[in-house]
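Chemist: Using my numbering, the first residue of the sequence shown is number 1, and each one after it goes up by one.
Dumping the structure here so I can ask a few things about it.
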Amino acid sequence: MAIAEYIIGGIILLLAVVIIFLIILQEGHRQGINGAISGGADTFLSKNKARTVDAFLSKWTKWFAVLFFVLIIVANFIAFKK
Numbered sequence: 001m002a003i004a005e006y007i008i009g010g011i012i013l014l015l016a017v018v019i020i021f022l023i024i025l026q027e028g029h030r031q032g033i034n035g036a037i038s039g040g041a042d043t044f045l046s047k048n049k050a051r052t053v054d055a056f057l058s059k060w061t062k063w064f065a066v067l068f069f070v071l072i073i074v075a076n077f078i079a080f081k082k
């Protein structure tokens, strides 16, 4: 069982890094004066492109988070069986 614990632990660590990376890549949704100053008046096409990339990153962040929590629960069941 020790090998399974190491493998699951490594996968959990890798998923944590991937989730952090995906969250950092996502664009902030804060609007207001900062958006106007920093180029908030983008063209229609660039706004739609950003939304699709953000939607893609958001979707994958959710899936990796669900997988992360499922693996945490599996790791706890394995650890408590000892």
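Quick reminder that beta carbons are idealized off the backbone N, C-alpha and C, glycines included.
Bear in mind the structure is a predicted one, so any value in this text is a computation, not a measurement.
Rounded to a whole number of angstroms, what is the C-alpha to C-alpha distance between S58 and L71?
Modeler: Looking at the two C-alpha atoms, the distance is approximately 20 Å.
Chemist: Cα-Cα, which of A55, K81, A65 and F80 is closest to I11?
Modeler: Answer by Cα proximity: A65.
Chemist: Along the alpha helix (DSSP H) that carries E5, what are the first and last residues, could you check?
Modeler: From DSSP, the alpha helix (DSSP H) with E5 extends over A2 to L25.
Chemist: Quick check: the Cα distance between A2 and T52, rounded to an integer number of angstroms?
Modeler: Going from the Cα of A2 to the Cα of T52 covers about 42 Å.
Chemist: Where does K82 fall in DSSP's three states?
Modeler: Here K82 sits in coil by DSSP.
Chemist: Less than 8 Å between the C-beta atoms of L25 and F68, yes or no?
Modeler: Going by C-beta atoms, L25 is not nearer than 8 Å to F68.
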